[in-house]
Amino acid sequence: MLENLLPPLNSHNLPYPDTIHPIVVHFVIAMVLFAIVCDAIGFFNKNPRLLEVGWWNIFAATTWIFVAVIFGQIEAGLATPYPAVVSDLNLHTLIGWSLSAILAVITGWRYIIRLRTKDSLPVAYMGFNSFLLVIVLFQVYLGDKLVWVYGLHTEAVVEATRGGLL
Amino acid sequence: MVLSSLAPLLAAANGLPYRIPIHPNLVHLTLGLFILAIAFDIVAALYPLETPIFKFLAIPVQSSNLYDVGWFNLVAAAIITFFTVAAGFYEIILAEPPMDMVSPWGLGAMDTMIWHGVGGVVLLGLIVGMTIWRGFQRYVWREDRARQVQWSYLLAGLGIFVLMFAHGTLGAHLAADFGVHITADRLLREGLTPNAQLLNILIKH
């Protein structure tokens with residue numbers, strides 16, 4: 000019933016021209032990585048100004064990750080993954096939802112730190128940042144595989160799937 | 000499966016000497032950092048209107064800190080973008096797109112690559128120019144002003160967003176329509192099926 004309300008799917012198997020999730024993740028990836036860089040420089044050089052830049056970046060990343068997850072879920076649902084793709088797509092989905100929670104927690108923690116001791120960060124927070132860095136880089140790698148190895152939502156793969164070749 | 004017949008593919012299944020293209024990953028940083036830099040400057044410039052919102056959210060804000068985000072994110076974007084463009088040119092030189100099709104914008108592969116290449120250099124110039132402009136506003140012209148950026152600077156930033164959108168769409172066409180450097184698309188064009196075993200062999204070599 001619902002599919003009748005959507006525009007017909009195009010050659011990328013989407014109801015709109017191009018994938019949106021990879022655009023929205025620009026903001027999450029760039030903001031998380033830059034927040035970690037600013038925190039690290041600010042932490043070691045005791046620069047409160049850069050810590051503020053780190054805070055605003057992680058705050059922005061957290062607002063955007065929810066948009067990224069929603070579009071990711073929609074586009075994963077329309078991806079028609081072939082057998083080779085399934086496990087990576089599932090893992091990317093699981094980590095994506097988890098990251099929205101992880102980012103929300105770290106931003107909440109950072110909010111409290113910022114209210115209490117504005118000009119310094121606890122070592123534990125820097126540890127959490129390192130953990131976040133590893134997960135985000137791995138998540139980017141998985142997303143890269145979905146596009147650049149498996150070719151999800153590319154014309155060739157969609158055509159092959161519709162033709163029953165995949 | 001006869002592996003020897005796959006030898007040319009095993010060397011570089013995506014047409015690159017590495018498994019994942021580098022340019023699209025650096026693009027995350029260029030776009031993310033630039034767009035958020037302008038966005039934070041806009042938020043900072045309109046700060047007087049937003050005080051009730053930040054008060055409601057119970058977030059203490061100083062507009063000078065918002066301008067810091069606008070400045071440092073922009074500087075990072077300008078530095079990274081040199082590498083984004085360099086990686087882009089390397090990967091465009093190694094591209095082998097199908098020449099018998101057109102993009103949703105009616106452009107062939109060669110035209111799309113040329114426009115995306117030219118656009119990349121133009122955008123690099125604009126981002127660096129904006130960074131220099133921003134630096135003058137921050138440290139020289141408007142050092143003593145409450146509003147660190149000119150309205151014309153913010154307007155120019157919004158104009159560049161439009162250009163970036165068109166430019167990014169050309170890049171998306173190269174990937175999602177022409178399948179440039181996408182392993183599965185290249186296999187399918189060779190008449191092979193990217194099933195799990197074949198992909199594993201190709202990726203691990």
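In order, the protein sequences belong to chains A and B.
In this text, residue positions in the first sequence follow numbering that gives the first Met the number 0: the first is 0, and each later residue adds one.
In this text, residue positions in the second sequence follow numbering that gives the first Met the number 0: the first is 0, and each later residue adds one.
C-beta atoms are modelled at their ideal positions from N, C-alpha and C, and glycine is treated no differently.
- Below 8 Å, enough C-beta pairs join the stretch 10-19 of chain B and the stretch 136-155 of chain A to call them touching: three or more.
- Boundaries of the alpha helix (DSSP H) around tryptophan 54 of chain A: 47-76.
- When Cβ pairs closer than 8 Å are counted between the two stretches, the stretch 148-161 of chain B is seen not to touch the stretch 93-104 of chain B, the count staying below three.
- The alpha-carbon of alanine 86 of chain B is positioned some 16 Å away from that of tryptophan 147 of chain A.
- For a cut-off of 8 Å, the C-beta gap from proline 47 of chain A to aspartate 118 of chain A is around 4 Å, short enough to register as a contact.
- Against chain B, the CB of tryptophan 55 of chain A has a partner CB under 8 Å away; the residue lies at that interface.
- The Cβ of histidine 180 of chain B sits closer than 8 Å to at least one Cβ of chain A.
- The shortest CA-to-CA distance from valine 135 of chain A to any of A:Ala159, A:Val68, A:Leu5 and A:Ile94 is the one to A:Ile94.
- Here threonine 182 of chain B really is in contact with asparagine 13 of chain B; their C-beta atoms are around 5 Å apart, less than 8 Å.
- Within the model, the alpha-carbon separation for alanine 59 of chain A versus valine 27 of chain A is close to 8 Å.
- For the pair arginine 146 of chain B and proline 59 of chain B, the Cα-to-Cα distance works out to about 18 Å.
- By the beta-carbon neighbour count (other beta carbons within 10 angstroms, threshold 16), phenylalanine 130 of chain A is exposed.
- Our two residues, tryptophan 140 of chain B and alanine 77 of chain B, have alpha carbons roughly 21 Å apart in a direct line.
- Below 8 Å, enough C-beta pairs join the stretch 17-31 of chain A and the stretch 62-77 of chain A to call them touching: three or more.
- Non-local C-beta neighbours of aspartate 176 of chain B in its own chain, meaning closer than 8 Å and more than five positions away in sequence, comprise Met100, Ser102 and Pro103, ordered along the chain.
- Contact of aspartate 67 of chain B with chain A by beta-carbon distance below 7 Å involves Arg48, Glu51 and Val52.
- Rounded to whole angstroms, valine 68 of chain B and valine 36 of chain A show a C-alpha spacing of 13 Å.
- Collapsing the DSSP output to three states places glycine 118 of chain B in a helix.
- Assignment of beta-bridge partners to valine 31 of chain A by DSSP yields no partner.
- Inclusion of serine 62 of chain B and alanine 36 of chain B in the CB contact set at 8 Å is not warranted, their separation being larger than that value.
- If you look at histidine 22 of chain B, you'll find it in the alpha helix (DSSP H) that goes 22-44.
- The Cβ neighbour count for arginine 133 of chain B, taken over all protein chains shown within 10 Å, is at least 16; the residue is labelled buried.
- Residues of the stretch 2-22 of chain A whose Cβ lies closer than 9 Å to any Cβ of chain B, in chain order: Asn9, Ser10, His11, Pro16, Asp17, Thr18, Pro21 and Ile22.
- Taking 8 Å as the threshold, the shortest C-beta distance from isoleucine 134 of chain A to chain B does not fall below it.
- Within its own chain, the residues whose Cβ lies closer than 6 Å to the Cβ of valine 156 of chain A, once the five positions on either side in sequence are excluded, are Gly150, listed in chain order.
- Residue range 154-161 is occupied by the alpha helix (DSSP H) that includes glutamate 154 of chain A.
- A direct Cα-to-Cα measurement between glutamate 74 of chain A and proline 193 of chain B gives close to 20 Å.
- Secondary structure at glycine 158 of chain B: helix, using DSSP grouped into helix, strand and coil.
- Using a 10 angstroms sphere on the CB of proline 82 of chain A, the tally of other CB atoms stays under 16, which defines it as exposed.
- One thing to note: alanine 174 of chain B has its Cβ no nearer than 8 Å to the Cβ of threonine 79 of chain A.
- For isoleucine 79 of chain B, the CB contacts under 8 Å within the same chain, skipping 5 residues up- and downstream, are Leu25, Leu28, Thr29 and Leu32 in chain order.
- Distance from the CA atom of leucine 120 of chain A to the CA atom of tryptophan 70 of chain B, rounded to whole angstroms, is 22 Å.
- Contact between isoleucine 57 of chain A and isoleucine 111 of chain A is absent: CB atoms are separated by about 13 Å, not below the 8 Å threshold.
- Residues are counted here when their Cβ sits less than 9 Å from a Cβ of chain B; for the stretch 29-45 of chain A these are Ala29, Met30, Leu32, Phe33, Val36 and Cys37, given in chain order.
- Assignment of valine 101 of chain B by DSSP, reduced to helix, strand and coil, places it in the strand class.
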